[in-house]
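Peer 1:
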Amino acid sequence: IQQTFLMVKPDGVQRSIVGEIVSRFEKKGFQLVGAKLMHVSQDLAETHYGEHREKPFFKELVDFITSGPVFAMVWEGENVIANARQMMGKTNPQEALPGTIRGDYGLIVDKNVIHGSDSPESAQREIALFFSESEVVSYNKQLNSLLY
Ligand code: GTP
Ligand code: MG
Numbered sequence: 002i003q004q005t006f007l008m009v010k011p012d013g014v015q016r017s018i019v020g021e022i023v024s025r026f027e028k029k030g031f032q033l034v035g036a037k038l039m040h041v042s043q044d045l046a047e048t049h050y051g052e053h054r055e056k057p058f059f060k061e062l063v064d065f066i067t068s069g070p071v072f073a074m075v076w077e078g079e080n081v082i083a084n085a086r087q088m089m090g091k092t093n094p095q096e097a098l099p100g101t102i103r104g105d106y107g108l109i110v111d112k113n114v115i116h117g118s119d120s121p122e123s124a125q126r127e128i129a130l131f132f133s134e135s136e137v138v139s140y141n142k143q144l145n146s147l148l149y
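Heads up, the sequence shown stops at 149 in UniProt numbering, and the numbers go up one at a time, no gaps.
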């Protein structure tokens, strides 16, 4: 079964919408298998966003993600990587449809509330970056027999 890395960014934590965001993925049927409130170090931020190192907004991006606590999560479920990205909406909240997380809660691209892995490769990389093996819990939910 597929896993993805999702992270409520510092703006989402400050605005007290962590619970609301968790709730959306829970209601969809995805299963939370790892979670923690944490500060992202400079090092972790630069590694995590390594693909954007050459972009003009890189410093801004790293400054923002290290500016306050984030809520880091691992979620599990059928096609969760692509599905979570759909639920998040477009990167720029101005283009994200209402009903998506960024469409409902975001206004500008620099502060777009949530991060989600964009491929199986980044999911694997990002989960390993943020979580130790013992912090990701495998368990069976009764609900699964109704979902699958
Ligand atoms: P993530 O899930 O956060 O990785 O977003 P994404 O995959 O939808 O977008 P992408 O990986 O292309 O960009 C990473 C992050 O950089 C975005 O989520 C934005 O927060 C930020 N970003 C993208 N474009 C800009 C920009 O023009 N200015 C600033 N300040 N940030 C940007
Ligand atoms: Mg990305």
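Positions of the beta carbon are idealized from the N, C-alpha and C atoms, including for glycine.
Could you pull out every unbroken alpha helix (DSSP H) segment of at least 4 residues lying fully inside the stretch 99-128, listed in chain order?
Peer 2: Taking only runs of at least 4 residues, the alpha helix (DSSP H) segments lying wholly in the stretch 99-128 are 102-106.
Peer 1: Can you list, in chain order, the residues of its chain whose CB lies under 6 angstroms from that of Val19, leaving out five sequence neighbours each side?
Peer 2: By 1-based counting over the sequence shown, the position of residue 19 is 18. Counting only Cβ-Cβ distances below 6 angstroms, and skipping sequence neighbours, we find Val9 and Phe72.
Peer 1: Can you tell me whether Phe31 is buried or exposed? The criterion is at least 16 other CB atoms within 10 Å of its CB, across all chains shown.
Peer 2: For the purposes of this step, residue 31 is taken as the residue at position 30 of the sequence shown. Its Cβ being crowded by 16 or more others within 10 Å, Phe31 is buried.
Peer 1: Does the stretch 117-131 touch the stretch 34-54, meaning 3 or more C-beta pairs lie closer than 8 angstroms?
Peer 2: Output reads yes: the stretch 117-131 touches the stretch 34-54.
Peer 1: The alpha helix (DSSP H) with Lys37 in it runs from where to where?
Peer 2: The residue given as residue 37 occupies position 36 in the sequence shown. Run containing Lys37: none in the alpha helix (DSSP H); it sits in the beta strand (DSSP E), Gln32 to Met39.
Peer 1: Specify, as a first and last residue, the run of the beta strand (DSSP E) that Ile4 falls within.
Peer 2: Along the sequence shown, one-based indexing puts residue 4 at 3. Checking the sequence shown, residue 4 turns out to be Gln, not Ile. Here the beta strand (DSSP E) through Gln4 covers Gln4 to Val9.
Peer 1: Where do the ends of the beta strand (DSSP E) carrying Phe58 lie?
Peer 2: Translated into positions along the sequence shown, residue 58 becomes position 57. Neither: Phe58 is in no beta strand (DSSP E) and is coded neither H nor E.
Peer 1: By the 10 Å Cβ neighbour count, where 16 or more other Cβ atoms means buried, how is Glu77 classified, buried or exposed?
Peer 2: For the purposes of this step, residue 77 is taken as residue 76 along the sequence shown, with counting starting at 1. Burial call: buried.
Peer 1: Return the residue from the list Glu47, Glu55, Ala85 and Ala83 that minimises the CA-CA distance to Thr67.
Peer 2: The residue you call residue 67 lines up with position 66 of the sequence shown. Ranking the options by Cα distance to Thr67, first place goes to Glu47.
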